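Chemist: One structure, pasted below without further comment.
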Amino acid sequence: MTTLAPPAQTTGERRGPAPARPRRYGRAAPYLFVLPALLLFAAFKLYPIGWSFVMSLHRTVAGVDTFVGADNYARLLDDPLFWTALGNTGVILAVQVPLMLALATGLAVALNSSLLKGRSVFRLGFFLPMVTGLVAYGIAFSVLLNKEYGLVNWLLGGLGLDPVPWLTDGLWAQISLGLALTWHYTGYNAVILLARLQTVPGELYDAAAVDGAGALAAFRHVTLPGLRPALLLTTVLSTIGTLQLFDEPFVLTGGGPDNATLTIGVYLYRNAFSYFDFGYASALAYALTVLIGLLGLLQFRLLGDKS
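If you want it as structure tokens, here you go:
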């Protein structure tokens with residue numbers, strides 16, 4: 419049987435990998451892929467932000483935009499309605515947000531308990547208010563809390579109690595707004611805290627039990643330190659959301675009665691779309707942005723990891 423010998427190789431000839439094809443776009447390829455997103459971001463984010471700052475330096479006088487420099491910002495300092503709106507927003511931030519986060523923490527601990535049956539159903543039920551539209555649930559609360567024909571006052575009347583002016587009295591309007599916000603956002607924050615709580619090792623609770631720690635001591639020394647990053651996140655998000663609060667007070671009370679529920683967001687809207695003072699409204703928006711940034715930095719300094 420005849421065998422074929424392999425072809426002879428030329429002396430000194432070396433076989434290597436085939437030469438790579440030249441790349442048409444080279445290093446620019448990644449930038450071309452993100453270019454559409456960058457263009458959209460520039461058109462719908464950067465340009466409006468920049469133009470808003472330009473508008474904040476102008477005032478419309480007799481239908482003509484006039485450059486006034488920092489006058490709109492100086493006007494904030496002498497505007498009593500701005501300070502009223504800022505004070506109302508601060509009250510919500512100081513009272514409603516801590517109460518909501520405390521309820522969310524307790525709810526997260528309860529939903530994480532192995533003693534609770536059907537935990538998935540409860541988690542879904544408490545999170546459902548978050549997916550409800552802001553305007554929709556604002557209208558629902560305005561109907562429920564109506565003084566004349568609202569369901570809440572009807573139930574109070576069945577108990578022999580006088581009707582409560584939920585939306586027509588300044589103090590009760592603030593309470594009504596706080597109740598609506600708490601109902602809508604507590605479950606959302608509880609889900610965030612629950613996700614973090616499920617990452618806390620169970621061995622830490624076992625060690626605390628061995629050391630003789632009770633439920634309160636374990637909560638203080640194990641649960642709260644474990645929840646610290648999530649508590650920081652929910653605090654910052656709640657602060658930003660409260661400072662930007664608009665839908666609920668606008669739908670429930672329109673900022674009334676007597677500006678008792680006037681927030682910075684509602685006041686900004688009034689100046690822009692009721693008074694058409696877009697320059698002052700833009701100054702309000704930038705003042706709000708600076709305030710959010712300062713409070714965010716303060717919260718990170720106070721609640722952030724100090725290690």
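Going by the working numbering, the residue at position 207 of the sequence shown is 625; the numbering climbs one at a time, nothing skipped.
Note that the Cβ used here is the ideal one computed from N, Cα and C, for glycine as well.
These numbers were taken from a predicted model, which means no experiment stands behind them.
Under the three-state reduction of DSSP, which class applies to T484: helix, strand or coil?
Modeler: Numbered from 1 along the sequence shown, position 66 holds the residue referred to as residue 484. Note: T484 maps to strand in three-state DSSP.
Chemist: Output needed for A808: all residues of its chain with C-beta closer than 7 Å, excluding positions within five of it in sequence on either side, in chain order.
Modeler: In the structure displayed, the chain extends from 419 to 725; residue 808 sits before or after that span and is not available.
Chemist: Select from R719, L574 and G596 the residue whose C-alpha is nearest the C-alpha of L670.
Modeler: In the sequence shown, residue 670 corresponds to position 252, counting from 1. Closest option to L670, Cα to Cα, is G596.
Chemist: Considering Cα atoms alone, identify which of G659, T679 and V609 is closest to A522.
Modeler: Numbered from 1 along the sequence shown, position 104 holds the residue referred to as residue 522. The option with the nearest alpha carbon to A522 is V609.
Chemist: Using a 10 Å radius around the Cβ and a threshold of 16 neighbouring Cβ atoms, would you call G711 buried or exposed?
Modeler: Numbered from its first residue, the sequence shown carries residue 711 at position 293. G711 comes out exposed.
Chemist: Grab the span of the alpha helix (DSSP H) containing V539 for me, first residue to last.
Modeler: Looking up residue 539 in the sequence shown gives position 121. Taken as a continuous stretch (DSSP letters only), the alpha helix (DSSP H) holding V539 covers R537 to V549.
Chemist: Do you know offhand how far Y603's Cα is from L534's?
Modeler: Position 185 of the sequence shown holds residue 603. Position 116 of the sequence shown holds residue 534. Roughly 22 Å between the two C-alpha positions.
Chemist: Going straight from the alpha carbon of P581 to that of K565, what length do you get?
Modeler: Counted from its first residue, the sequence shown places residue 581 at position 163. Counted from its first residue, the sequence shown places residue 565 at position 147. Straight-line Cα distance between these residues: approximately 6 Å.
Chemist: Is Y623 near A635, with beta carbons less than 8 Å apart?
Modeler: One-based indexing of the sequence shown puts residue 623 at position 205. One-based indexing of the sequence shown puts residue 635 at position 217. Cβ distance not < 8 Å, so Y623 and A635 don't count as in contact.
Chemist: Evaluate the contact criterion for the region 554-565 versus the region 673-687: three or more CB pairs, one atom per stretch, below 8 Å.
Modeler: Touching, no, given that fewer than three Cβ pairs across the two stretches are closer than 8 Å.
Chemist: Tell me V479's beta-bridge partners as DSSP assigns them.
Modeler: Reading the sequence shown from its first residue, position 61 is the one you call residue 479. Answer is V482.
Chemist: Just curious, the alpha helix (DSSP H) that Q717 is in, first and last residue?
Modeler: Taking the sequence shown and counting its residues from 1, the one referred to as residue 717 is at position 299. Start and end: F696 to L721.
Chemist: Let me know if E621 comes out buried or exposed under the rule of 16 or more other beta-carbons within 10 Å of its beta-carbon.
Modeler: One-based indexing of the sequence shown puts residue 621 at position 203. Flag for E621 reads exposed.
Chemist: Anyone know if the C-beta pair for L615 and V527 falls short of 8 Å?
Modeler: Within the sequence shown, numbered from 1, the residue matching residue 615 stands at position 197. Within the sequence shown, numbered from 1, the residue matching residue 527 stands at position 109. In contact: L615 and V527 (Cβ atoms closer than 8 Å).
Chemist: Determine the direct distance from the alpha carbon of L661 to that of A492, and round the result to whole angstroms.
Modeler: Looking up residue 492 in the sequence shown gives position 74. Looking up residue 661 in the sequence shown gives position 243. Each residue's alpha carbon lies about 21 Å from the other.
Chemist: Pull up the distance between the alpha-carbon of T502 and that of A488, whole angstroms please.
Modeler: Here residue 502 is taken as the residue at index 84 of the sequence shown, counted from 1. Here residue 488 is taken as the residue at index 70 of the sequence shown, counted from 1. In a straight line, the C-alpha of T502 is about 22 Å away from that of A488.
Chemist: With H, G and I counted as helix, E and B as strand and the rest as coil, what does DSSP make of D676?
Modeler: Here residue 676 corresponds to residue number 258 of the sequence shown, with the count starting at 1. Coil at D676, not helix or strand.
Chemist: Would you mind stating whether G588 and D665 have Cβ atoms separated by less than 8 Å?
Modeler: Position 170 of the sequence shown, counting from 1, holds the residue named residue 588. Position 247 of the sequence shown, counting from 1, holds the residue named residue 665. Contact: no.
Chemist: Within 10 angstroms of its Cβ, does F500 collect 16 or more other Cβ (buried), or is it exposed?
Modeler: Translated into positions along the sequence shown, residue 500 becomes position 82. Label assigned to F500: buried.
Chemist: Would DSSP call D587 helix, strand or coil?
Modeler: The residue you call residue 587 lines up with position 169 of the sequence shown. If DSSP states are grouped into helix, strand and coil, D587 belongs with coil.
Chemist: In its own chain, which residues sit with a C-beta less than 7 Å from the C-beta of R537, not counting the 5 before and 5 after it?
Modeler: If you number the sequence shown from 1, residue 537 lands on position 119. Cβ within range, chain order: L529.
Chemist: Within 10 angstroms of its Cβ, does S531 collect 16 or more other Cβ (buried), or is it exposed?
Modeler: Position 113 of the sequence shown, counting from 1, holds the residue named residue 531. Per the 10 Å Cβ criterion, exposed.
Chemist: Run through DSSP, which three-state label would E566 get?
Modeler: Working through the sequence shown from its first residue, we reach residue 566 at position 148. Three-state result, E566: coil.
Chemist: Could you work out which residue in A631, S656, L494 and A699 is closest to A512 when comparing CA atoms only?
Modeler: Position 94 of the sequence shown, counted from the start, is the residue given in the question as residue 512. Selected option, being the one with the closest Cα: S656.
Chemist: Could you check whether P667 and G673 sit closer than 8 Å to each other, using their CB atoms as the reference points?
Modeler: As a first step, residue 673 is located in the sequence shown; it is residue number 255 there, counting from the start. As a first step, residue 667 is located in the sequence shown; it is residue number 249 there, counting from the start. Going by C-beta atoms, G673 is nearer than 8 Å to P667.
Chemist: Leaving out the 5 sequence neighbours to the left and right, which residues in its chain are closer than 6 Å to L563 when beta-carbon positions are compared?
Modeler: Residue mapping note: residue 563 aligns to position 145 of the sequence shown, counting from 1. Hits under 6 Å: V570, W584, L585 and S594.
Chemist: Inspect the beta-carbon positions of A678 and A591 and report whether they are closer than 8 Å.
Modeler: The count along the sequence shown starts at 1 and reaches residue 678 at position 260. The count along the sequence shown starts at 1 and reaches residue 591 at position 173. The answer is yes: Cβ separation under 8 Å.
Chemist: Considering just the uninterrupted stretch of the alpha helix (DSSP H) at N490, what are its terminal residues?
Modeler: Along the sequence shown, one-based indexing puts residue 490 at 72. Where N490 is concerned, the enclosing alpha helix (DSSP H) stretches over D489 to L495.
Chemist: Closest to T653 by C-alpha separation, out of T600, V515 and R445, would be which residue?
Modeler: Taking the sequence shown and counting its residues from 1, one reaches residue 653 at position 235. Cα-wise, what sits closest to T653 is V515.
Chemist: Going by DSSP, what residue range makes up the alpha helix (DSSP H) through A461?
Modeler: Here residue 461 refers to the residue found at position 43 when the sequence shown is read from its first residue. Unbroken run through A461: none, as it is neither H nor E.
Chemist: Look at N490 and Y687 and say whether their C-beta atoms are less than 8 Å apart.
Modeler: By 1-based counting over the sequence shown, the position of residue 490 is 72. By 1-based counting over the sequence shown, the position of residue 687 is 269. Not in contact: N490 and Y687 (Cβ atoms no closer than 8 Å).
Chemist: Report the option in G568, Y606 and G578 whose CA atom is closest to the CA atom of R541.
Modeler: What you label residue 541 is simply residue 123 of the sequence shown in a count that begins at 1. Here the closest residue by C-alpha is Y606.
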